[in-house]
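One structure is given below, encoded as structure tokens.
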Amino acid sequence: MLKLSMAFSSVLNRKYLILCYLLFNFIPPLSLAASQPGASMAAVEGGNTELGINEYDITAKKRPVDKSVVILGEKAEDTSTTDHSKLKELQGPFSSGPEVTKACLSCHNKAGHQFIKNKHWTWKVHIDKTGQDLGKSVLVNNFCTNAAGNEGMCAQCHAGYGMTDARTYDFKNEDNIDCLVCHESTGTYYKLPPSPGNKACAVMFEGKPKIDLTKVAQSVTLPGRSNCGACHFYGGGGDNVKHGDLSSVLFEPPKSVDVHMGVDGENFSCVICHVGEGHEWSGSRYEPIAKDTIGQGKPGLARQTATCESCHGLQPHPANLMGLKLNDHTDRVACQTCHIPEYATGGVATKTHWDWRTAGKLKNGEGYREEGYIQGNGEPRHTYKSIKGNFKYGENLKPMYVWFNGTERYLTVHDKFDPAKPVEINHLEGSPDDPNSRIWPFKRMETIQPYDKGNNTLVYMHLWGNDPDAFWGNYDFARAIKHGMADFQLPYSGDFDFVKTWSYWPVTHMVAPKEKALACKECHSKDGRLKDLEGMYIPGRDTNPWVEKIGIFAVLATLLGVLVHGLIRILFSRRRKAS
Amino acid sequence: MSLQKVKVFSRFERFWHWTQALLIFTLLFSGAGIHGFHQLVDFETMVWVHVISALGLMVLWTFAIFWHLTTGNWRHYMPTRNGLFKVLRYYAWGIFLGEDHPYRKRFWHKHNPLQAMSYLALKLVLFPLLWLTGLAYLLYGFWGQGALTSGSLEWIATLHTIGAYAMAVFIIIHIYLLTTGHSTIEHIKPMITGYDEVDLSEAEEEYLEQDEPGRIIKDK
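Pasting the structure below:
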């Protein structure tokens, strides 16, 4: 990787420079920010419009080094049995990442065998329930659509070195595992895209501080929030773009945003919940556990699962009257539904809508960007980019609620669909009649993206590359799709159009303090959060219309009856007195 | 036979009546809130109040059932057609003409036939309907899987709602009927003091004077 960066040293014309910035809005900020010159940010007429596309000034912050809790225990001090800085294997000097990896694996001689089976490395996952083969290496999403064929950019978040093309990458070479990205704790380590895309992009890496690999290697520890967050908080091409509940706020969140991770609270790192052994972690989005029926397990049993129940148990509420009633809910309502009243909290917005149709507009022959949204922390977000199209954002959003049993059926690039209706990228299975389903909160991402009009399938786009077909350079959908499909020998009719797609993202982080958990009436009312969820009776929401009509009529008729009876009595009594 | 001031409502009976009245009003108010008729109190509190009041009422009724059975007071609620028509005619017509109520309380029949029949229906049909559906509603978590959505809960809730409307109708009539007779106060008084005018047979009068002198107030 460092060799790569040294190779991209020639500065070409300004247009290419701008293109590079434009492409680099993808990169997790890591520690690149300091090196970014403001050269291409010339303001043009039209207010917030700026030529050049670069998101660093918005999302780039030096990765904070957190002191999050990585092991649960009563002792505050470090209980590790090894001081890595004293190991002779780690005294360096190291000239490349793989050299460090070799040193790691010389002691941790099973870690490599373990890790090359993990999704962070394979980008593949087989789901037994559905028989689907999924993972970043094959899927089409409704953000930047496909990593397949664009690894040169996307594999910046591959936990290995140099994956420029997954089809030719040596997935058996354990020396290419990037141990440091997950384990280093200096905050000075960063990853660059495996390939420069356009050759002019080399300028992006100029002036970057050289990584002191010896110091970084000696700093290894269990992963903190800054390690996981460096990739996972920036999925989809920017801060909190994809998930909605995973943003840079979680590097150092207040307890009010996340009761578990709050620096003024438990200060948990990700791995406290996403427990793992042997380089395999619990809590997969591809195959979530929608209903945990085991809970805490046997005394002393450390369960390998990220469910709330694995710590809080199956009867998490106190044994008083209200607690019993709340515990009655846990069989059909996911913990997250009540305990995450809003997502994208803490000042960082999430992308909610994306329209690819408008991508490719130029000003003065150059791509540009517009800032049309100021998020809670005061920072602007792009509402238009030439390389991607138009966006909408949201913050402090109420999730949508869905019956979900943990099975997701993905729409792969091979599956046909009906373009007349919104296309579900990941269909969520579950229903009120299915006892394994619970009501779950989701973020729904809505995108209008290209598809194969002739075959009614999604398409791979060739976005990133040092060639004339790459969309991020020529802004030509037809060529980018043709190239993207041909790369994988996929059938393409040659005719594309745009289709509305929905993808669903489980809202499961940013758990609020219990005081902010949903009040009953949020669901138990006629216009509550669950007003559109059919198939079950919710007290306070549902009534039998006939019982209501007849009941109210009976009460009113009785009132009227006694009123008339009383009036007649009064009239007759007066008449008697008069006579 | 002679009309005498006799204690017809024992201390327990009065306590039962008024506690029950309070609880039923609380239940109607909180139930209406849970049902979505008003948002005067937050849902959580209304559920809490509703459950506590219902449990309280059930405890009270456990004592009341025991009391009815052990004291023989259940006999007051035995339905009879004897005199029923006269009472119906009175409320439908005679009351307007200023006639006197055709029924005289008797020692073992302190309720008129219409009253006895209504209260019996209340005790044997409406109360059990509300408790059973209410208990099932409260404890739906114990029925096992799928109850929430199987439609059973909806039936339970619907029956409970029907019971609640019927109770509201009963209360309206019950309170209105207090205004009949000579005065409303006169109707409420027995349930406070316990004493009401009862048509006693000579034997009953003799018995009370001898064995329960505190229950009869003889005119001086």
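As they're listed, the protein sequences go chains B and H. Heads up: the first sequence is residues 905 to 1483, going by our numbering. Heads up: the second sequence is residues 143 to 362, going by our numbering. C-beta atoms are modelled at their ideal positions from N, C-alpha and C, and glycine is treated no differently.
Under the three-state DSSP convention, the category B/R1478 falls into: The answer is helix: DSSP assigns B/R1478 an H, G or I state.
Where the beta strand (DSSP E) through B/F1308 begins and ends: In the DSSP assignment, B/F1308 falls within the beta strand (DSSP E) that extends over 1304-1308.
Coarse secondary structure for B/H1318, derived from DSSP in three states: Reduced to three states, the DSSP call for B/H1318 is coil.
Members of the segment 1418-1430 of chain B near chain H, C-beta cut-off 8 Å: Listed in sequence order: A1423, C1424, K1425, H1428, S1429, K1430.
Minimum Cβ-Cβ distance from B/V1468 to chain H less than 7 Å: Not closer than 7 Å to any Cβ of chain H, the Cβ of B/V1468 fails to qualify, so no.
In chain order, each alpha helix (DSSP H) run of at least 4 residues that lies wholly inside the segment 223-270 of chain H: Listed in chain order, the complete alpha helix (DSSP H) runs (minimum 4 residues) inside the segment 223-270 of chain H are 226-231, 255-263.
Any C-beta of chain B under 7 Å from that of H/L230: Closer than 7 Å: no.
Where the alpha helix (DSSP H) containing H/K331 begins and where it ends: H/K331: member of the alpha helix (DSSP H) spanning 326-335, first to last residue.
Host alpha helix (DSSP H) of H/R156 (start-end): From DSSP, the alpha helix (DSSP H) with H/R156 extends over 153-177.
N- and C-terminal bounds of the beta strand (DSSP E) containing H/H302: Unbroken run through H/H302 is the alpha helix (DSSP H), 294-320; no beta strand (DSSP E).
Where the alpha helix (DSSP H) containing H/G198 begins and where it ends: Per DSSP, H/G198 belongs to the alpha helix (DSSP H) from 185-213.
Segment contact, 8 Å Cβ cut-off, at least three pairs: the segment 1053-1068 of chain B with the segment 1333-1352 of chain B: Contact fails: fewer than three Cβ-Cβ distances are below 8 Å.
Distance between B/V974 and B/P1127 (C-alpha atoms, nearest Å): Near 7 Å, if we compare the C-alpha coordinates of B/V974 and B/P1127.
Beta strand (DSSP E) segment containing B/D1401, residue limits: First-last of the beta strand (DSSP E) with B/D1401: 1400-1410.
Nearest to B/T1026 (by Cα), restricted to the options B/K1033, B/H1017, B/T1034, B/D1032: Checking every option, the nearest Cα to that of B/T1026 belongs to B/H1017.
Exposure of B/P1021, with buried meaning 16 or more beta-carbon neighbours within 10 Å: The question names Pro, but residue 1021 of chain B is Lys in the sequence shown. Result: exposed.
Chain-order list of residues whose beta-carbon lies under 7 Å from that of H/L320 (same chain, five-residue window excluded): Within the same chain, and ignoring the five residues on either side of H/L320 in sequence, the residues whose Cβ sits closer than 7 Å to its Cβ are T326, H329, I330.
Cβ contact (3+ pairs, closer than 8 Å) linking the segment 149-164 of chain H and the segment 1467-1482 of chain B: Touching, no, given that fewer than three Cβ pairs across the two stretches are closer than 8 Å.
Rounded separation between B/C1174 and B/R1129 - CA only: Going by C-alpha positions, B/C1174 is about 6 Å away from B/R1129.
Host alpha helix (DSSP H) of B/V1175 (start-end): For B/V1175, the enclosing alpha helix (DSSP H) stretches over residues 1174-1177.
Residues that B/L1332 bridges to, as DSSP identifies them: B/E1312.
Chain B contact for H/V299 (CB, 7 Å cutoff): Reading off the sequence, residue 299 of chain H comes out as Ala, not Val. Yes, its Cβ sits closer than 7 Å to a Cβ of chain B.
Residues near B/M1440 by beta carbon distance below 7 Å, same chain, minus five either side: Closer than 7 Å at Cβ, skipping near neighbours: P1336.
Stretch-stretch touch, CB-based, cutoff 8 Å, three pairs: the segment 1403-1418 of chain B with the segment 1050-1064 of chain B: Contact fails: fewer than three Cβ-Cβ distances are below 8 Å.
B/M1012 versus B/Y1396, B/E1078, B/G1141, B/T1311, residue with shortest Cα-Cα distance: Sequence check: residue 1012 of chain B is His here, not Met. Of the candidates B/Y1396, B/E1078, B/G1141, B/T1311, the residue whose Cα lies closest to the Cα of B/H1012 is B/E1078.
Endpoints, beta strand (DSSP E) assigned at B/P1345: Note, B/P1345: beta strand (DSSP E), 1342-1356.
For H/S144, three-class secondary structure by DSSP: In the structure shown, H/S144 adopts extended strand secondary structure according to DSSP, grouped into three states.
Per-residue contacts from H/Y307 into chain B (C-beta, under 7 Å): Here the neighbours are G1455, A1458, V1459.
Cβ of B/V1237 within 7 Å of any chain H Cβ: False, the Cβ-Cβ gap to chain H never drops below 7 Å.
Endpoints, the alpha helix (DSSP H) within which H/E346 is located: Where H/E346 is concerned, the enclosing alpha helix (DSSP H) stretches over 344-353.
Burial state of B/Q903, where buried means 16 or more other Cβ atoms lie within 10 Å: Outside the shown range of chain B (905 to 1483) lies residue 903 of chain B, about which nothing can therefore be said.
Members of the segment 1192-1206 of chain B near chain H, C-beta cut-off 8 Å: Residues of the segment 1192-1206 of chain B whose Cβ lies closer than 8 Å to any Cβ of chain H: none.
Proximity winner among B/C1135, B/S1000, B/S1160, relative to B/C1061 (alpha-carbon distances): Closest by alpha carbon: B/C1135.
Helix, strand or coil at B/F1047 [DSSP, three-state]: In the structure shown, B/F1047 sits in coil (DSSP, three-state: anything other than H, G, I, E or B).
Residues sharing a beta bridge with B/G1064, DSSP: Secondary-structure assignment with DSSP links B/G1064 through a beta bridge to B/I1081.
Neighbour flag for H/A234 against chain B, beta carbons, 7 Å: Output row for H/A234: interface = no.
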